[in-house]
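Trainee: In this note's numbering, the protein residues as written are 3 to 230.
Submitted below is the structure of interest, expressed as structure tokens.
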Amino acid sequence: MTQNADDAALDQRQISPELRLAAVHPQEAGRLDPHELSLPRDRNQAILEAAKQVGSTLKKNEYDFALAGSVAVYAHGGTGNLQHDADFCIKPEDADRVASTLRSAGLEVYAPPEDWLLKAKCLGQDIDLIFELAHQPVDTALLSRSDMLSVDSVQMPVLAPTDLMRSLLAAFSEHHCDFGAVLPIARALREKVDWEQVRVTAGDAPMPNAFLYLLERMEVIEPQEGGR
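Following this line, the structure appears as structure tokens:
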């Protein structure tokens, strides 16, 4: 989802002591990944399986979290194109404990150069553990707005559609402005999104406002009252 780290830049020297790569003994590697060798060849299903594993682990340990990104869109009835990873929102103060919990479950967890997320590997798939969304720390208010939904038969909290859309538009910049990837999501969720709240979050930022104007011209959303 959204602001993705350059995985090629990650190495052991960049990882802080408290977020060191998990060293998993071969005999222990199967604790969370017992079906890794029989994962579905379909990439979307593989990402779903990884999201279910991580979500179940976070639920079992009673963390406050919400599924985000393309898997959250899928859970809300959107497209089944799950892009390239699974995203979870967690509170900053929980980051160290979440990392420890996932390592104990057999996952690799590491810190990229960006300071707003952790990354993990589950069933061969990338997992982003995000504690800053739309340029704001993930907090209880954001997570309390999530919806409890079935994600391929596993119930877990899923980021609300309005918050999902706000986060996607907040990621637009002069260097990252892929309207084509977000347009089908806006179409799929348009009846569930509070577009006025999205506009408030966008403020005067040119790229998000250009995308909202495009949605108006394509009649995906109603024009803003009073024009622009």
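Just so you know, even glycine gets a beta-carbon here, dropped at the ideal spot from N, CA and C.
Taking just the CA atoms, how far does residue 134 sit from residue 175?
Mentor: Roughly 17 Å separates the two Cα atoms.
Trainee: Just to confirm my understanding: we take residue 177, look at its own chain, exclude 5 residues before and 5 after, and list those with CB closer than 6 Å. What are they?
Mentor: No residues qualify anywhere along the chain.
Trainee: Measuring from the CB of residue 50, is there a heavy atom of the ligand ADP at a distance below 8 Å?
Mentor: For the structure depicted, the ligand ADP is absent and the ligand set is empty, with no information on it obtainable.
Trainee: Just to confirm, are residue 187 and residue 167 a CB contact at a threshold of 9 Å?
Mentor: In contact: residue 187 and residue 167 (Cβ atoms closer than 9 Å).
Trainee: For residue 221, count neighbouring Cβ atoms within 10 angstroms of its own Cβ and tell me buried if that reaches 16, exposed if not.
Mentor: Per the 10 Å Cβ criterion, exposed.
Trainee: Can you confirm whether the region 87 to 99 touches the region 124 to 133 when touching is taken to mean that 3 or more C-beta pairs between the two stretches lie within less than 8 Å?
Mentor: Flag = yes, the region 124 to 133 and the region 87 to 99 touch.
Trainee: When the distance is taken between beta carbons, is residue 104 closer than 9 Å to residue 156?
Mentor: No; because the gap between Cβ atoms is not below 9 Å, this pair is not in contact.
Trainee: How close, in whole Å, do the beta carbons of residue 153 and residue 48 come, if the pair is a contact with beta carbons under 8 Å?
Mentor: Incorrect: roughly 14 Å between the Cβ atoms, too far for contact.
Trainee: Is it true that the region 182 to 202 meets the region 67 to 82, where meeting means three or more beta-carbon pairs spaced less than 8 Å apart?
Mentor: Short answer: they touch.
Trainee: Pull up the DSSP beta-bridge partners for residue 151, would you.
Mentor: In DSSP, residue 151 forms a bridge with 158.
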